[in-house]
Amino acid sequence: MTDAPDLLSLCMKAITKEIIHRDAQNWQDVYELPLDLFDPLIRRLPAFGLQKLQSQISFKNYNEFSADVFKDGKKRGRYCAFNSAWESLFKSRWSEGVKQNRPTDQFTEQMIPKSEQASFSGDWQQLYWEAHIQSCLDEAAEAALLPSFDGCIGEISISETIMKCVGYDRCLCHVSCTYSKISYHCQQFGCYARCLKLQNVHCNAETCRLLRNSNLRSLVLRGIKSEEHVNGTCMLLRQHCETLSSLEFIFCRLGSTAMNAIFHSLNVNAATKHGMKYFSITASSVLDSNSVCLPSGFLSFLSSGSSLHLLSFSQNCLGSSFAKMVLETLLDTSSGLSILDLSENEISGWLISAKGRPSNSTASSLGTGKSFLSLQVLNLRGNDLQKDDTKGLTYALLQMPNLINLDLSDNPIGDDGIRNLVPYFAKISERDLPLSNVKIEDCRLSYDGVADLLNYLSTSKKQLTSLSIADNNLGRQVAKSLANYLGVSCIKLLSIENIGLGPSGFFELREELPKEMKLACINISKNQGGIETAKFIVELISRALELVAINAAHNFMPSESLETICSALRLSKGRLEQLDLTENPGCYQPTPNSTVTDFQCRGRPLIILPSSPVAGVLYDNDP
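Heads up: the sequence shown at position 598 corresponds to 598 in full-length UniProt numbering, and the numbers run straight through without jumps.
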């Protein structure tokens, strides 16, 4: 038999129901409740009720961060109580969080200014309703994309699941049908939307009306292909051009005419500087196959982008002529461009013409413009660059004195290509340039080329803090060069994933390992090292006292590896927070024992074990 509810609980339930289903009456009395009653009440309210109560409370500027508000401790307490309630509602509905729209990947994200990464103002009410509007629009898009759909997006009814999330059961009263329409939610909560992702079915005059109260700063558009889609997109952009600072197109088809229309809708012209900071076109068809010049609207956009921080054209199959035209346009602009992403295109050959030019000629043609002076991130991953391209690239890189991150991965430059870049690394050291993060993954490098690079970097005055040579078939021979580099460098992040070390490579690396290292994170996954991987980890833990994370996944480690590693962790004086042992079937434990679970970091397991066993896998494949 359950206990009867107490009087306080019954009162709270009645007030909650009154707030949700009745118009404002004596809500000021609710606000005047003491905090020990007010706080539990608002924690009970669903989003719809909390919104109604907060919008009706009549104290002046309660939700503005003003001196007058915070002089009044009671008002400050009320505001904090509301904000905490919104935070709780948000996290209970979206436990995984909602990533705000911004065209970045893991490589470029680290270069977004810290002030902008932390731009969330702490207004959980705004974040909640923004995410809610996104959920409603996503659901509407699913319905609108059906062949049988023939109506208005605003008239689509929101699912019962979403309605219950905000605290309104459609069957409770006769007006619930109004509350369940997309149009109602956009009208009531659209003003909180700052960052949205829209499908092509959203790009029309009706959506413009639905979002007319929004203050959009970031917009991601998917599947813009037809003239109708482009026209609708232009309407949206004209409506929000004054506030938009981030714009991304994904899976679109944008010919010259479409691009001109889009950029003109942003009020871009040569005489006016636009406020766009982040612009990206990803996995799309850009321009016409026979285009010999950039569309005038796009040229104006590049030329008038003094605020432009990130420019990304990734996975668009763009040719060398496009890259050349974009870079030539950027040379004469005064933008503060920090991130340029041309990854996953086909731009090989455009730099070969620079080979052998005198330095002053090369500088004038490849990078003396102000844009390159501010460039901090250059991503050329997956562009089929050959060894001859690296000679011209060396000259271009020298005109980017503030470059910090360089990604040349997935380009078959080979050993000769990496040797062609040595003069660049020499100039970095000579000029004390800030380059610190380099990725040369899957570049068809052999032990010889990487050993030459590591030996040079080991003697250089300018030290990298992050280096990835993953997915190159280097073999165990590279172990000695790696160990030497770890001992003399200031490297913090090192990825040697899938370089073919094998058990013998790990053994040699362990034998040559220096006594002290600055290493903070290392990825040694997919090297099939067996028990030697565990022995290497043990040695690494004892010597790299600043080590925070190790990824040792997919190394065919046997069951005895766990005991070996745990013994070392007990004696460790380091800072290790995460050890990834996934995809090592020998380490699988259906119910992890205390030997493993004893190791925690911030309430989470330090050791990440495989989620399932894989039978019949040998751990030692050394020939």
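Heads up, the beta-carbon is just placed ideally off N, CA and C, and yes, glycines get one too.
Here the structure is a predicted model, which means the values were calculated and not measured.
(message) Tell me the DSSP secondary structure of Ile522 in three-state form.
(response) Here Ile522 sits in strand by DSSP.
(message) Helix, strand or coil, according to DSSP, for Glu560 in the structure here?
(response) helix
(message) I need the boundaries of the alpha helix (DSSP H) containing Ser429, first residue and last residue.
(response) Val422 to Arg431
(message) Extract the residue ranges of the alpha helix (DSSP H) inside the stretch 178-250, only unbroken runs of 4 or more that lie entirely within it.
(response) 182-189, 205-210 and 227-240
(request) Drop a sphere of 10 angstroms on the beta-carbon of residue 625, count the other beta-carbons inside from all chains shown, and report buried for 16 or more, exposed for fewer. (result) Residue 625 lies beyond the stretch modelled for the chain, which goes from 1 to 623, so this question has no answer here.
(message) Beta-carbon within less than 6 Å of Ser365's beta-carbon, same chain only, minus the 5 sequence neighbours each way: which residues are those?
(response) With a pLDDT of 44 at Ser365, under the threshold of 50, the predicted position of this residue should be treated as unreliable, and no value is reported.
(request) Using the Cα positions of Pro610 and Gln600, report the straight-line distance between them to the nearest angstrom. (result) 17 Å
(request) Could you spell out where the beta strand (DSSP E) holding Val406 opens and where it closes? (result) It should be noted that the sequence gives Leu, not Val, for residue 406. That run of the beta strand (DSSP E) goes Asn405 to Asp407.
(request) Would you kindly report the start and end of the unbroken beta strand (DSSP E) that includes Lys439? (result) Asn437 to Lys439
(message) Quick check on the DSSP output: the beta strand (DSSP E) that includes Tyr278 runs from which residue to which?
(response) Tyr278 to Thr282
(request) Reducing DSSP to helix, strand and coil, say where Ala363 ends up. (result) Residue placement at Ala363 is flagged as unreliable, the pLDDT there being 44, under the threshold of 50; the coordinate-derived value follows with that caveat. Note: Ala363 maps to helix in three-state DSSP.
(message) If we define contact as Cβ-Cβ less than 7 Å, is Tyr456 a contact residue for chain D?
(response) In the structure shown, chain D does not exist; there is a single protein chain.
(message) Rounded to whole angstroms, what is the Cα-Cα separation between Gln110 and Pro34?
(response) Since pLDDT at Gln110 reaches only 47, below the 50 mark, its modelled position is unreliable, and no value is offered.
(request) Look at Asp432 and Asp471 and say whether their C-beta atoms are less than 7 Å apart. (result) no
(request) Sort out for me which residues DSSP pairs Ala549 with in a bridge. (result) Cys521 and Gln578
(message) Can you tell me which residues form a DSSP beta bridge with Ser285?
(response) Arg253
(request) Go ahead and pull the three-state DSSP assignment for Glu328. (result) helix
(message) Can you find the residues in the same chain that come closer than 7 Å, C-beta to C-beta, to Ser612, ignoring five residues on each side of it along the sequence?
(response) Tyr588
(request) For Ser374, collect the residues of the same chain with a Cβ closer than 7 Å to its Cβ; drop the 5 residues on either side in sequence, then sort them by chain order. (result) Gly336, Leu337, Ser338 and Asn402
(request) Would you mind working out which of Ser436, Phe48, Ser183 and Lys13 sits nearest Leu41, comparing C-alpha positions? (result) Lys13
(request) Tell me whether the beta-carbon of Trp124 lies closer than 7 Å to the beta-carbon of Tyr192. (result) no
(message) Would Leu266 and Leu237 qualify as a contact pair, given that the criterion is a beta-carbon distance under 7 Å?
(response) The Cβ atoms of Leu266 and Leu237 sit closer than 7 Å to each other.
(request) May I ask you to report which of helix, strand or coil DSSP gives Cys443? (result) coil
(request) Can you grab the Cα-Cα spacing for the pair Val617 / Ser559, in whole Å? (result) Any reading at Val617 is ruled out, since the residue's pLDDT is 46, under 50, leaving its predicted position unreliable.
(request) Please say whether Gly505 and Arg476 have beta carbons closer to each other than 7 Å? (result) yes
(message) Helix, strand or coil, according to DSSP, for Val617 in the structure here?
(response) Here Val617 scores only 46 on pLDDT, less than 50, and its place in the model is too uncertain to base an answer on.
(request) Could you give the DSSP three-state label for Gly603: helix, strand or coil? (result) coil
(request) Would you mind stating whether Gly232 and Asn204 have Cβ atoms separated by less than 7 Å? (result) yes
(message) Using DSSP's beta-bridge definition, name the partner residues of Leu308.
(response) Looking at the DSSP assignment, Leu308 forms no beta bridge with any residue, so it has no partner.
(message) Given the structure, does Asp384 come close to the ligand NAD, in the sense that its CB is under 6 Å from one of the ligand's heavy atoms?
(response) With respect to the ligand NAD, the structure shown offers nothing to examine, as it has no ligands at all.
(request) Kindly give me the distance between the Cβ atoms of Trp94 and Ala131, rounded to whole angstroms, as I take these residues to be in contact under 8 Å. (result) 6 Å
(message) Measuring only the C-alpha atoms, how far is Asp598 from Ser466?
(response) 31 Å
(message) Using only the alpha-carbon positions, how far apart do Glu160 and Gly122 sit?
(response) 29 Å
(message) Run through the DSSP bridge pairs and tell me what Ile608 is partnered with.
(response) Asp580
(message) Along the chain, where does the alpha helix (DSSP H) containing Val488 start, and where does it finish?
(response) Ala479 to Val488
(message) I need the straight-line Cα distance from Gly417 to Pro503, nearest angstrom please.
(response) If you draw a straight line from the Cα of Gly417 to the Cα of Pro503, it comes to about 29 Å.
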